[in-house]
Each structure stands twice: as structure tokens, then as C-alpha cells.
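Number of protein chains: 2
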Amino acid sequence: MLPPADNDSSWLSRISIVLVGTSHPGNVGGAVRAMKTMGLSQLVLVAPRCDPYTSEAVARASGADELIQAAQRFDSLEEALATCSWVVGCSARTRTMPWPMITPRRFSLQLEEEVARGAHDSRIAIVFGREDSGLTNDELARCNTHVHIPTSDSFGSLNLAAAVQLMAYESRQAWLEASGDSEATALSDRQNEDAALQQSMQNVEWDNPLASHADVERLLEHFERTLIATGFHDPEHPRQLMARLRRLLLRARLDSMETNILRGILSSVDKLTPPSKS
Amino acid sequence: MLPPADNDSSWLSRISIVLVGTSHPGNVGGAVRAMKTMGLSQLVLVAPRCDPYTSEAVARASGADELIQAAQRFDSLEEALATCSWVVGCSARTRTMPWPMITPRRFSLQLEEEVARGAHDSRIAIVFGREDSGLTNDELARCNTHVHIPTSDSFGSLNLAAAVQLMAYESRQAWLEASGDSEATALSDRQNEDAALQQSMQNVEWDNPLASHADVERLLEHFERTLIATGFHDPEHPRQLMARLRRLLLRARLDSMETNILRGILSSVDKLTPPSKS
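Below you can see the structure in the form of C-alpha cells.
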């Protein structure tokens, strides 16, 4: 079967590659070359620590440098993620608080569903951290899922552009698969049987669109205000409370009605608490 | 399940990355870095058109440059392939005479069989051509199979080190799969989001045991009592409220600390509501 035409790429154009605090222009150039070979076009730069459009960047981009010029820029990851329905953070680290962690392969399988689930104008972000120190704990805590590229135990030093290449490749695999190009993923017969069985078991259409990242952030802020008002949460002694609520709510992939219900519950509790002094 | 230890790598050490006529030392450096992250160690250089061990190569290798120093060198591809039982040539081109052509995914599946089939000292070669012109027809004709990395129709310009990265990644996937690490390829239970979430939580060492079914039921009962007391929930007009909370909390696979936190929040709200008449 012929692969789908590249101009059928509204699917791929919903995926953003988000580079946080990149230091080396050459890596930005390598990243956009990697993106363009796989049909991705949306670059987001968060607080870059270099000029991302130098001669070195253009040389490494090798004909893809218009993606750097067209890149959106933000000062914080928070702003960059506002309209995203699924946020995947690339992480090499085991964090203090464990987070759902998937492989690039599983990312590819899940991406197909996420594109179908999100509102037609919602975005999917794949977030890459700094060359030297990756993503901060706070940045990782804004992701629905973390993905770990399985590297050698003794040498895990994956170049930033190489990591983008692998994730862009797995994104394209998902798109080819979604477009009916089953050879792209080359499932063996045995695995096809599994897949067929699973498919016959479900594939439900969800009843509400996913909540946006910004909606979930507003819900978490509301939670914090309300829990302070009730006295349950003491910001002086936070005991990981908000971090744990954050992990729970991001993991659950709230839909828009669920965020409305939880906001409604919080508002009804607010009416019971004494008015804030501030 | 734990990934196999890297010292169990006689499997991976049978795979050679063969670079033919490479022009840029930086690409040799990028290639060995890509190889080493995926546990590959055997580099073969055929008639390089540059000094492969310059300061640029060492910089791009980022700690993997010993693979360049240990590389075997040959004047012709013919000599380089003498002891190989399976030769895979990376090709961007459609040739005059069609050749068996596979995707990187199919390569990964087939690699597992080929390693098992070949004599224990036989080698497998993945051959990459020149940056500007790829492999010649004569060189392509020495391969058992060609592999084509599916790139965009409008921009197929994959960097040499990026191509090595993708094929090294697919080689490692095959090894992980052969070693019984099925999560590496994650081809089963696709479409099954609940299983995927559960697996993504098991993939890392979670910090708390999962809540029991009974714990979650007690939490839901507590939710219902509290929401009736606050006036948010009217059992005469339930509007699917409890059904939606149930779906959310079951989907999230709560751990025991999360159920305790939510019970604690509900108890703190209970203190604000008038005592029940019953």
C-alpha cells in the first residue's frame, strides 16, 4: 500500500517539539532537520540559552532552517503548554516522586489515540530539556507522561537532536499506522492477532473533549486556594500535597466535564469557608 | 521487568555499523555516539574520504571516540562484509532493479531471527553510504536486503548520524525484545488505555502500593456523603455525578496515599458542614 501523501499532514502539524533552555545552536539546527525529515513542522523554544539562529544552526539544519524562523518562543514552559491536550516529557532521570513512564514505542501507539481524542485544534507537546541538566522537577511535573528512551546502562548520553530524531520517527510511525500503512509498524502475525483482539474489545468514543493543560492548571490553583481556606493545606508545611494532587490529576487525563465538576465541588466548599482576609 | 544487563551484549556486539566513503569527521563522531547510546560497539570504516579522528569527530562523539579508534578499516565494501551472514543496506533511492526493501520496524523484527540463525561468530552489517550520493548500485547489490527509513516526501535529507541513530535504536529494540523485555516494543495491549496506564505506573517503581478496590469504594461512599452535606449533590437529581466521579477515580488507578489524601480532604470539609440529622 502506498504511504499517505505528506500534504495529508494536519495530523502531524498538531505535534509540537518543545525545546527548553537549549544551549547550542547546532542542536537547534539538528533538531529541525530531524523534525522535517519526519514531517513535523512546529518548533517551540522556551527560554533558549543561545541565539537559535546562527550560521552553525543553519548549517546543521541543512535546508530546514525555516522551522527555526517560524518557531514560537515563550519565557516559560507553562505558557508554551497552555493549549496542549497531551504533554510528554523526555526524561533520563528517576525522580523523587515516580511519574507514569512509557517507552518511545508505547508513546507511538498512544499518540494515535491521543490525536483522535483531543479536540481538533488541541495540540500535543513533546518536551526536551537542557543539554546539561534536562528538565527540572517542576517542568517534569507539568507533563501527563514521561518517556524514557532506552539507552545503554553504561552510556546514556543521547544528543539532543538525536533524541528529537527518535521521537519524531516514532511520531511519524504513529501517523503512518493511523493512515493505514500497516507495513510501517510491521506487526508480526502473532502481534496482529493480539491487536485485532484488543481492537474488538474496545475503541470507545469518549463523551467529552479532553481538558486543556491550562484548564487543569486552573483547577489545581483552585484546589490549592480551597484547601488553604479549609485548613487542610498549610503552605508552610506542604508535605508534597499539591505535587501529589498534580500527579494524580495529570495522570488521569481529565475531560472537560470532569474539570467542571471538580471546580463546582471546590466552589461549593468555598461557600462554607470564612471569606479570605486578603 | 528489569531490562537485561548490558554486559549480556554478545548479541549486540555481533552487529557492525559500516560507514562507506564518509566525508565529514563530525558525522563519524555523531555516529559512534549514537551507536554507544544503544549498546553497539563495532564500527567499520570503508574508504573514508576524511580523517575520521579529528577534534570535531571527538567533540561530536562526546565520550564515545574510543569506538573510532577501535574501528576496522577496509578499502572496499567487499572485504568489509566477508564474515557477515546478513547485510542490510540503507537506501534512500528507488533503484532500477527492485530489491527486497524493508522498513526499520521490519528490520528490527527480522534482526532477532537473523541473530539466532547465523553461526555464533557470524556478523550482521548495517551499511550506510556517502553523505552526498549514498551507496552505489554495485554496493547496494551486495546487500541481502535494503532498508528505507520512511521520511517526508518533500524532505528526505536525513543526517548520516541520525540514520545511524534510528537503526541502532531499532537494533536495541530487537535485543530488548529478544531478551524478553516486551515493554520495549509495547506491541501488545494497544488500544487498552487502562492497561497502558497501569503498565506505565509499573514501569517505574511507584512510591506507594495501589489502593485496594474496597478502599476506592469507601472513598466514593465518603465523597457521596460529603457532597450531599455540602449541597452539591442532590440524590433526587443525580445527573450522573457519582458515575462520573467513579469513572475518574477508577481510571486513575489511585495509590494508597492518594486515597488517604482524598479521604483527609473530605473529612476536613465534613467539619465545615452542619451535622447530619440522621
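Chains as they are written, first to last, in my numbering: chain A, 471 to 748; chain B, 471 to 748.
Even for Gly, the Cβ is constructed at its ideal location relative to N, Cα and C.
Practice problem: Count the other CB atoms, across all protein chains shown, that sit within 10 Å of the CB of ALA722 (chain B); report buried if there are 16 or more and exposed otherwise. | Solution: For the purposes of this step, residue 722 (chain B) is identified with residue 252 of the second sequence, where counting begins at 1. Result: buried.
Quiz item: Which of helix, strand or coil does DSSP assign to ILE572 (chain A)?
Solution: As a working note, residue 572 (chain A) is residue 102 in the first sequence. Reduced to three states, the DSSP call for ILE572 (chain A) is strand.
Self-check item: TRP556 (chain A) - DSSP class collapsed to helix/strand/coil
Solution: As a position in the first sequence, residue 556 (chain A) is number 86, starting the count at 1. It is a strand residue.
Self-check item: DSSP state of ARG709 (chain B) mapped onto helix, strand, coil
Solution: Walking along the second sequence from the start, residue 709 (chain B) turns up at place 239. Of the three classes helix, strand and coil, the one that applies to ARG709 (chain B) here is coil, per DSSP.
Quiz item: List, in order along the chain, the chain B residues whose C-beta lies closer than 8 Å to that of GLU728 (chain A)?
Solution: To locate residue 728 (chain A), count along the first sequence from 1; it is residue 258. Here the neighbours are ARG714, LEU718.
Quiz prompt | Contact set for GLU609 (chain B): own chain, Cβ-Cβ below 8 Å, skip 5 residues either direction | solution = The count along the second sequence starts at 1 and reaches residue 609 (chain B) at position 139. Closer than 8 Å at Cβ, skipping near neighbours: VAL490, LEU547, GLY559, VAL597, GLY599.
Practice problem: Can you tell me which of the three DSSP states PHE544 (chain B) falls into? | Solution: Counting from one through the second sequence, the residue named residue 544 (chain B) turns up at place 74. Three-state DSSP puts PHE544 (chain B) in a strand.
Quiz item: Taking contact to mean at least 3 C-beta pairs separated by less than 8 Å, is the segment 499-513 of chain B in contact with the segment 532-544 of chain B?
Solution: yes
Quiz item: Is the distance from the Cβ of LEU646 (chain B) to the Cβ of PRO620 (chain A) below 8 Å?
Solution: On the second sequence, position 176 is the one that residue 646 (chain B) refers to. On the first sequence, position 150 is the one that residue 620 (chain A) refers to. Yes, the Cβ-Cβ distance between LEU646 (chain B) and PRO620 (chain A) is below 8 Å.
Quiz prompt | Neighbouring residues, chain B, relative to THR743 (chain A) (Cβ below 7 Å) | solution = In the first sequence, the residue the question calls residue 743 (chain A) occupies position 273. Going along chain B in sequence order, the residues near THR743 (chain A) (Cβ under 7 Å) are LEU742.
Quiz prompt | Proximal residues to VAL739 (chain B) (C-beta, below 7 Å), its chain only, five neighbours per side dropped | solution = For the purposes of this step, residue 739 (chain B) is identified with residue 269 of the second sequence, where counting begins at 1. For VAL739 (chain B), where only same-chain residues beyond five positions count, the Cβ hits under 7 Å are THR696, THR700.
Exercise. Could you confirm whether any beta carbon from chain B is found closer than 8 Å to the beta carbon of VAL585 (chain A)?
Key: Position 115 of the first sequence, counted from the start, is the residue given in the question as residue 585 (chain A). Closer than 8 Å: no.
Quiz prompt | Residues within the segment 698-711 of chain A neighbouring chain B, beta-carbon criterion of under 8 Å | solution = THR700, GLY701, PHE702, LEU711
Quiz item: Can you list, in chain order, the residues of the segment 482-501 of chain A whose Cβ is nearer than 8 Å to any Cβ on chain B?
Solution: GLY500
Self-check item: Closer than 9 Å at the beta carbon, the chain A residues around TYR523 (chain B)
Solution: The residue you call residue 523 (chain B) lines up with position 53 of the second sequence. Within chain A, no residue comes near TYR523 (chain B); the closest Cβ sits about 19 Å away, beyond 9 Å.
Quiz item: Would you say PRO620 (chain A) faces chain B, with C-beta separation under 8 Å as the test?
Solution: Here residue 620 (chain A) corresponds to residue number 150 of the first sequence, with the count starting at 1. Yes, its Cβ sits closer than 8 Å to a Cβ of chain B.
Exercise. Starting from MET571 (chain B), find everything on chain A with Cβ-Cβ shorter than 8 Å and list it in chain order.
Key: If you number the second sequence from 1, residue 571 (chain B) lands on position 101. Ordered by position in chain A, no residue passes the 8 Å Cβ test against MET571 (chain B), which lies about 10 Å from the chain.
Exercise. State yes or no: is the beta carbon of ARG695 (chain B) nearer than 8 Å to at least one beta carbon in chain A?
Key: Numbered from 1 along the second sequence, position 225 holds the residue referred to as residue 695 (chain B). It does not: the Cβ of ARG695 (chain B) has no partner Cβ on chain A nearer than 8 Å.
Quiz item: Comparing the C-beta of THR606 (chain A) with each C-beta of chain B, is any distance below 8 Å?
Solution: Within the first sequence, the letter at position 136 stands for residue 606 (chain A). Cβ-Cβ to chain B under 8 Å: no for THR606 (chain A).
Quiz prompt | Range covered by the beta strand (DSSP E) that runs through ALA644 (chain A) | solution = Residue numbering aside, residue 644 (chain A) sits at position 174 when the first sequence is read from its first letter. For ALA644 (chain A), there is no enclosing beta strand (DSSP E); the enclosing alpha helix (DSSP H) covers residues 630-648.
Exercise. Taking only beta-carbon positions, decide if GLY734 (chain A) is within less than 8 Å of chain B.
Key: The residue you call residue 734 (chain A) lines up with position 264 of the first sequence. For GLY734 (chain A), the answer is yes, since a Cβ of chain B falls inside 8 Å of its Cβ.
Quiz item: Among A:GLY604, A:ALA540, A:GLU640, which has the Cα closest to the Cα of SER511 (chain A)?
Solution: By one-based count along the first sequence, residue 511 (chain A) stands at place 41. With distances taken between Cα atoms, SER511 (chain A) lies closest to A:ALA540.
Quiz item: I think LEU732 (chain A) touches LEU689 (chain A), with their Cβ atoms under 8 Å apart; what is that distance to the nearest whole Å?
Solution: Taking the first residue of the first sequence as 1, we reach residue 732 (chain A) at position 262. Taking the first residue of the first sequence as 1, we reach residue 689 (chain A) at position 219. That belief holds up - the Cβ atoms of LEU732 (chain A) and LEU689 (chain A) are roughly 6 Å apart, short of 8 Å.
Exercise. Would you tell me roughly how many angstroms separate the C-alpha atoms of ALA504 (chain A) and PRO522 (chain A), rounded to the nearest one?
Key: Position 34 of the first sequence, counted from the first residue, corresponds to residue 504 (chain A). Position 52 of the first sequence, counted from the first residue, corresponds to residue 522 (chain A). In a straight line, the C-alpha of ALA504 (chain A) is about 16 Å away from that of PRO522 (chain A).
Quiz item: What residues from chain B crowd round GLN635 (chain A), counting only those whose CB sits closer than 7 Å?
Solution: Residue mapping note: residue 635 (chain A) aligns to position 165 of the first sequence, counting from 1. Per Cβ cutoff of 7 Å: ALA632, GLN635, LEU636.
Practice problem: Would you check if the distance between the CB atom of LEU742 (chain A) and the CB atom of LEU742 (chain B) is smaller than 8 Å? | Solution: Your numbering for residue 742 (chain A) matches position 272 in the first sequence. Your numbering for residue 742 (chain B) matches position 272 in the second sequence. Yes, these two residues count as a Cβ contact at 8 Å.
Practice problem: Specify, as a first and last residue, the run of the alpha helix (DSSP H) that HIS692 (chain A) falls within. | Solution: For the purposes of this step, residue 692 (chain A) is identified with residue 222 of the first sequence, where counting begins at 1. Residues 683-700.
Self-check item: Euclidean distance between Cα positions of SER622 (chain A) and THR729 (chain A)
Solution: Position 152 of the first sequence holds residue 622 (chain A). Position 259 of the first sequence holds residue 729 (chain A). Cα to Cα, the separation comes out at about 41 Å.
Quiz item: List, in order along the chain, the chain A residues whose C-beta lies closer than 9 Å to that of SER641 (chain B)?
Solution: The residue you call residue 641 (chain B) lines up with position 171 of the second sequence. In chain order: nothing, as chain A lies at least about 12 Å away.
Quiz item: Can you tell me whether DSSP reads GLY496 (chain B) as helix, strand or coil?
Solution: Sequence index remark: in the second sequence, residue 496 (chain B) carries index 26 (1-based). GLY496 (chain B) falls in the helix class under three-state DSSP.
Quiz prompt | Straight-line Cα distance separating MET571 (chain A) from GLN580 (chain A) | solution = Within the first sequence, the letter at position 110 stands for residue 580 (chain A). Within the first sequence, the letter at position 101 stands for residue 571 (chain A). So the alpha carbons of these two residues sit roughly 12 Å apart.
Quiz item: For LEU513 (chain B), which residues in chain A fall below 7 Å Cβ to Cβ?
Solution: Your numbering for residue 513 (chain B) matches position 43 in the second sequence. Residues of chain A passing the Cβ test: none, with the nearest at roughly 14 Å.
Quiz item: For the segment 547-560 of chain B, which residues have a CB atom closer than 8 Å to at least one CB atom of chain A, in sequence order?
Solution: Those residues of the segment 547-560 of chain B placed with their C-beta closer than 8 Å to a C-beta in chain A do not exist.
Exercise. Return no unless some Cβ of chain B is closer than 8 Å to the Cβ of LEU689 (chain A).
Key: The residue labelled residue 689 (chain A) in the question sits at position 219 within the first sequence. It does not; no Cβ of chain B falls within 8 Å.
Quiz item: The beta strand (DSSP E) with ILE596 (chain B) in it runs from where to where?
Solution: Counting from one through the second sequence, the residue named residue 596 (chain B) turns up at place 126. Where ILE596 (chain B) is concerned, the enclosing beta strand (DSSP E) stretches over 593-598.
Exercise. Return no unless some Cβ of chain B is closer than 8 Å to the Cβ of SER480 (chain A).
Key: Here the question's residue 480 (chain A) lines up with position 10 in the first sequence. Chain B contact via Cβ: absent.
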